[in-house]
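Residue numbers (the numbering used here): 82 to 167.
Laid out in structure tokens, this is it:
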């Protein structure tokens, strides 16, 4: 249950839920494009992305000088949808 708890804790912030939603709608995105969308500081956004990545929700790849993020497991969207219905 530790893994499940870590995933739910990572999803427990509104900005992180919005990041997940954004990536589910757009697929692979450069961190610079994610930052533009949320008007968040680079350091703040990096912390949120790190938490999501450590929980196994996101994965990242380096493309040139940029880091791109995408959902590691699309089932996380099902969890969000269930929560929206509650």
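Beta carbons are placed, not taken as given, at the ideal position from N, Cα and C, and that holds for glycine.
For a test of the three-state rule: what should DSSP assign to residue i, helix, strand or coil?
i          : result
residue 84 : helix
Any idea if residue i is buried or exposed, counting beta-carbon neighbours within 10 angstroms, 16 or more meaning buried?
i           : result
residue 110 : buried
residue 96  : exposed
Can you tell me the Cβ-Cβ gap for residue i and residue j, rounded? I've got them flagged as a contact below 8 Å.
i           : j           : result
residue 152 : residue 161 : The Cβ separation is near 11 Å, so there is no contact.
Let's see if you can read the secondary structure: which residues bound the beta strand (DSSP E) around residue i?
i           : result
residue 143 : 139-144
residue 151 : 147-152
Using beta-carbon positions only, say whether residue i and residue j come within less than 9 Å of one another.
i           : j           : result
residue 141 : residue 149 : yes
residue 104 : residue 88  : no
residue 163 : residue 102 : no
residue 100 : residue 119 : yes
residue 92  : residue 136 : yes
residue 112 : residue 126 : yes
How would you write the range of the alpha helix (DSSP H) that residue i sits in, first residue to last?
i           : result
residue 129 : 123-135
residue 118 : 112-119
residue 165 : 157-166
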